[in-house]
Amino acid sequence: MGERYLLGIDVGTSSLKVAVVCENGEVLNISSCSYVPVTPSLERVEMNSEDVWNAFLKCLRTLVDDENVSLEQVEGIGISCLCPGLIAMDKEGKTLAGPILYSDRRSVQEAQWMRDILGEKAIFEITANRVMAGAVSSTSMLWIKKNQPELYEKTWKFGHINTWMVYRLTGRFGIDYSNASYTGLFETVKGEGGDWSPFLCEKTGLDMDKLPTLYSSSSVVGALEAPEVIAAGVKRGIPVVMGGGDTACAALAAGVTKEGEVCESVGTTDVLTICVEEPRFDTRFLNRCHVVDGTWIYQGAMSHTGASYQWFQKQFCRELGIRENEKDALLLMNQEAKTAAPGCGGVVFLPYMMGERSPVWDPYARGVFFGMTLLTQRRDLNRAVLEGCGYGLRQLCEAAKEVTGRDFSSFVSIGGGAKSQVWAQIKADITGKDIRILDFNDMAPVGAALLAGVGAGFYLNCKEAAKKMKRKVYEEIHSDRSYAAVYQKGYEIYKGLYPRVRDLYEIYRA
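When we follow the numbering used here, the leftmost residue of the sequence shown carries the number 415, and every step to the right adds one.
Below, the structure written as structure tokens:
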């Protein structure tokens, strides 16, 4: 009998990735296929579920062509997914609506209605989360019920992306606790002992029987039955586990499994994750059950950090994108940003491009460049975007210290944007913390594979699985305090900007 493999699937905002991990924790291959989110209007951000499925099959075909990997040796499958991403499905698992993504803002009225009838305090005491359009999927459910009542009635189950993916693989519906935590209907404060809240479902008028069965992230939901996957060489009948939210799965692969461990996930968004065993929930954070049973994670989620830099490249550095591919264009932008003086000549950037989650929780917030003069150059604006994201990260680090009562001097950084040495140094200098960048970017599908290993019986539990993971530090970035005074001034401006322009956002949207 040869080596046994695990398959981890990660459904992201703009691409799907599949990791093949050996039972000894070695990552053998990761394939990727991109797609484009659907944005029919400024407020709406969706995905096409068939694009996601086709991307998955394309990734499998890529792995079939790898002579060093045999899909016949796969013994378990796990799923990681962006969260929330609401899907409405009929009884046969057909997509009726969605996925509606976390950045979708169509349900702002429904979110306000929930706050009005329930009270933010009552909601938080059950779900450990605030209500914001898109950031919890119940607001999108309510939007469907109000605006598409026939579709609501046809819906057999509402779920998140792993609900749908697991159904496509096994024919069974389910959702894990880390995803359920971001529905706005689950008793997050009770951890794995929680259930769908009868109180919240009754008060909102959302039918509890339309919500899927709850599972631990490493629980086996069913056996693989999908013909297209079996045709690619994966054995019929192998266990499929429920999986979890992408940043929670990535945190598992990064080794964040117990009290006080911290990591940062850098991509389209920037998420600071702190693992806790005895939580004191705070409204500045997203709070969820971890994929590691018996723990929760606080997540400071900045929604548009990487997206802000990509926007800047497309709008102000277009010639770099024409001359180079996107990856090289961003590298050249980093080099340009490095030539600008720290502090950017007084320019400060708020990265709230389409609303913001942590810590301000404002769907109407928008991006701001503050402090420009006739001497401001493109490189100053370029660097200001990176520094603005660094200031936001410092704000979250300080909030984490307040909530946990403990400070941390360093953290692990993972994700597609983590290996930007220029950006990492800026963040280290602004936060005053050392950063350990891990050796590869794609931790979420690896975490999903580790969950499959627990479900398949390869590992006793998630903590043992995380210890098996073979990870190396790609680069260690040490905080340089040479510009501490400059960054302190910029940080004070950054913190003061949002409170001063908040009322203007109300005028802007009127």
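Where is the CB? At the ideal position from N, CA and C, for every residue including glycine.
Please read these numbers as outputs of a predicted model, since none were measured by experiment.
| query | result |
| --- | --- |
| Ordered along the chain, which non-local residues of its own chain (more than five positions away) have a Cβ less than 8 Å from that of Asp504? | Leu510, Lys568, Thr569 and Trp570 |
| Is it true that the CB of Trp578 sits closer than 8 Å to the CB of Ser463? | yes |
| Count the other C-beta atoms from every protein chain shown that fall within 10 angstroms of the C-beta of Lys559, then say buried if there are 16 or more, exposed otherwise. | buried |
| Just to confirm the assignment: which complete alpha helix (DSSP H) runs, minimum length 4, are found wholly within the region 569-622? | 575-584, 591-594 and 612-618 |
| On the DSSP letters alone, give me the boundaries of the alpha helix (DSSP H) that Phe538 sits inside. | Glu534 to Thr541 |
| Quick check on DSSP: helix, strand or coil for Thr671? | coil |
| Rounded to the nearest angstrom, what separates Val868 and Leu638 at their Cα positions? | 16 Å |
| Thinking just about the alpha-carbon of each residue, which of Leu789, Arg792 and His718 is nearest to the one in Gly804? | His718 |
| Helix, strand or coil for Gly651 per DSSP? | coil |
| In angstroms with no decimal places, state the Cα-to-Cα distance between Lys841 and Leu864. | 30 Å |
| Along the chain, where does the alpha helix (DSSP H) that runs through Met555 open and close? | Ser552 to Asn561 |
| Hey, out of Ile644, Asp480 and Leu911, whose CA is closest to Ala779's CA? | Leu911 |
| Which class does Ala511 belong to by DSSP, given the choice of helix, strand or coil? | strand |
| Given 8 Å as the limit, is there contact between the region 755-766 and the region 795-811, that is, 3 or more CB pairs closer than that? | yes |
| DSSP on Arg458, reduced to helix/strand/coil? | strand |
| Of the residues Lys877, Gly769, Leu918 and Phe763, which one's Cα is nearest the Cα of Gly904? | Phe763 |
| Taking only three categories from DSSP, how would you classify Ser896? | helix |
| Assign Asp424 to buried or exposed, taking buried as 16 or more other Cβ atoms, counted over all protein chains shown, within 10 Å of its Cβ. | buried |
| Could you tell me which residues DSSP puts in a beta bridge with Cys447? | Leu430 |
| Residue ranges of each alpha helix (DSSP H) run of no fewer than 4 residues wholly in the region 656-729, ordered along the chain? | 660-667 |
| Is DSSP giving Tyr936 helix, strand or coil here? | Because the chain is modelled from 415 through 924, residue 936 falls outside the range shown and cannot be assessed. |
| Secondary structure at Val545, three-state DSSP: helix, strand or coil? | coil |
| With H, G and I counted as helix, E and B as strand and the rest as coil, what does DSSP make of Cys495? | strand |
| Evaluate contact between the region 830-847 and the region 657-674, counting only Cβ atoms and requiring at least three cross-stretch pairs below 8 Å. | no |
| I want to know whether the region 602-612 touches the region 621-630 - three or more CB-CB distances under 8 Å. | yes |
| Indicate the three-state DSSP secondary structure (helix, strand or coil) for Val478 in the structure shown. | helix |
| In this structure, what does DSSP give as the bridge partners for Glu889? | Ile851 |
| May I ask you to report which of helix, strand or coil DSSP gives Phe470? | helix |
| On the DSSP bridge list, what partners appear for Asp776? | Glu770 |
| Round the Cβ separation of Ser827 and Ile844 to the nearest angstrom and send it over; I've been treating them as touching at under 8 Å. | About 14 Å separates the two Cβ atoms, so there is no contact after all. |
| Determine the burial state of Glu906: buried for a count of at least 16 other Cβ atoms within 10 Å of its Cβ, exposed for fewer. | exposed |
| What residue range is occupied by the uninterrupted beta strand (DSSP E) comprising Gly636? | Val634 to Ala637 |
| Mind the definition here: the region 525-534 touches the region 586-593 only if three or more C-beta pairs lie below 8 Å; say whether that holds. | no |
| Any contact of the region 485-492 with the region 651-665, i.e. 3+ C-beta pairs under 8 Å? | yes |
| Which residues bound the alpha helix (DSSP H) around Val483? | It is not in any alpha helix (DSSP H) - Val483 carries neither H nor E in the DSSP assignment. |
| Tyr449: which of Ala469, Gly439, Val435 and Tyr922 sits nearest, CA to CA? | Ala469 |
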